[in-house]
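Quick notes on the structure that follows.
In the numbering used here, the protein residues as written are 8 to 276.
Listed below in structure tokens is the structure:
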């Protein structure tokens, strides 16, 4: 299976149901009604459980489009999904030319969507942004026909900030409900995406960059665990009034009751 993946990869990532598999089929010109390369669904349960790939040619360059499992709303834990994506990346011996982050334009930018972005950035590392293209799916007819209108009227500040972080690399995945493959708008939107892949990215995202991101993530997780353990280490001193609870606390903390005690002591009832 992976022995044939002897070319730079184009990685499809995003939330379950966002349109990753559909975009892959559009690029590969395979019909979802007949014999799709990647199986797509609008369900919140991910059809894609394991990564799959197909060879793809832009001009005279060969790539492998890789469809990965959705990040959220699957019946598998997110951790398992990320491990599957990690194994996929590690098998990309020729590196990853582009990471296509597929995002639903028809939905508001929710905390869950923001969290998906943060998970991918943390998982792949900040340097992955140099190879990322933001692809909007489920755009309506007017949004697809007029990208400038879509940009000026539909983007909120978080989306603008993220697209700015990927050097303004964004595209629209044309919706088959409005446009057929021979339509000029359909062709133009895909042409813009291909141009980003071939001309607007330098080099490839490598296994070394991924391992660097993994190490940083594990180190941050270790620090968070240690901080949480410190917060949980609480000694509760209980007892009758005047029994010496505060005195014991001061003894443990080595603070003098005659000078500046941590806990104030009284023999009064």
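Where is the CB? At the ideal position from N, CA and C, for every residue including glycine.
Can you say whether residue i is buried or exposed, counting buried as having 16 or more other CB atoms within 10 angstroms of its CB?
i, result
"residue 271", "exposed"
"residue 17", "buried"
"residue 34", "buried"
"residue 247", "exposed"
"residue 249", "exposed"
"residue 242", "exposed"
"residue 70", "buried"
"residue 30", "buried"
"residue 44", "buried"
"residue 100", "exposed"
Kindly indicate which residue of the options has the alpha-carbon position closest to the one of residue i.
i, options, result
"residue 186", "228, 147, 66 and 56", "147"
"residue 58", "66, 75, 21 and 45", "75"
"residue 131", "230, 32 and 215", "215"
"residue 196", "178, 28, 206 and 208", "178"
"residue 218", "133, 206 and 194", "133"
Got a sec? Which residues, its chain only, sit under 7 Å from residue i by beta carbon, not counting five neighbours each side?
i, result
"residue 192", "151, 152, 181 and 186"
Looking at residue i: is its Cβ nearer than 8 Å to the Cβ of residue j?
i, j, result
"residue 124", "residue 169", "yes"
"residue 63", "residue 105", "no"
"residue 173", "residue 103", "no"
"residue 78", "residue 65", "no"
"residue 145", "residue 26", "yes"
"residue 36", "residue 188", "yes"
"residue 260", "residue 269", "yes"
In angstroms, rounded to a whole number, what distance separates the CA positions of residue i and residue j?
i, j, result
"residue 160", "residue 167", "12 Å"
"residue 176", "residue 184", "25 Å"
"residue 220", "residue 126", "12 Å"
"residue 68", "residue 91", "27 Å"
"residue 98", "residue 257", "59 Å"
"residue 96", "residue 73", "10 Å"
"residue 290", "residue 200", "Since the first residue shown for the chain is 8 and the last is 276, residue 290 is missing from the structure and cannot be characterised."
"residue 245", "residue 234", "26 Å"
"residue 2", "residue 240", "With the chain running from 8 to 276 in the structure shown, residue 2 is simply not present."
"residue 154", "residue 205", "20 Å"
"residue 93", "residue 190", "37 Å"
When you measure from the CB of residue i to every non-hydrogen atom of the ligand SAH, does any distance come out below 7 Å?
i, result
"residue 145", "Within the structure as shown, the ligand SAH is missing, as the structure has no ligands at all."
Residues in the same chain with beta-carbon distance under 6 Å from residue i, minus the five sequence neighbours each way, listed in chain order, please.
i, result
"residue 107", "19, 140 and 142"
"residue 136", "172 and 173"
"residue 237", "none"
"residue 207", "176"
"residue 111", "25, 144 and 145"
Please go through the same chain and pick out, in chain order, the residues whose beta-carbon is closer than 8 Å to the beta-carbon of residue i, but skip the five residues on each side of it.
i, result
"residue 128", "135 and 136"
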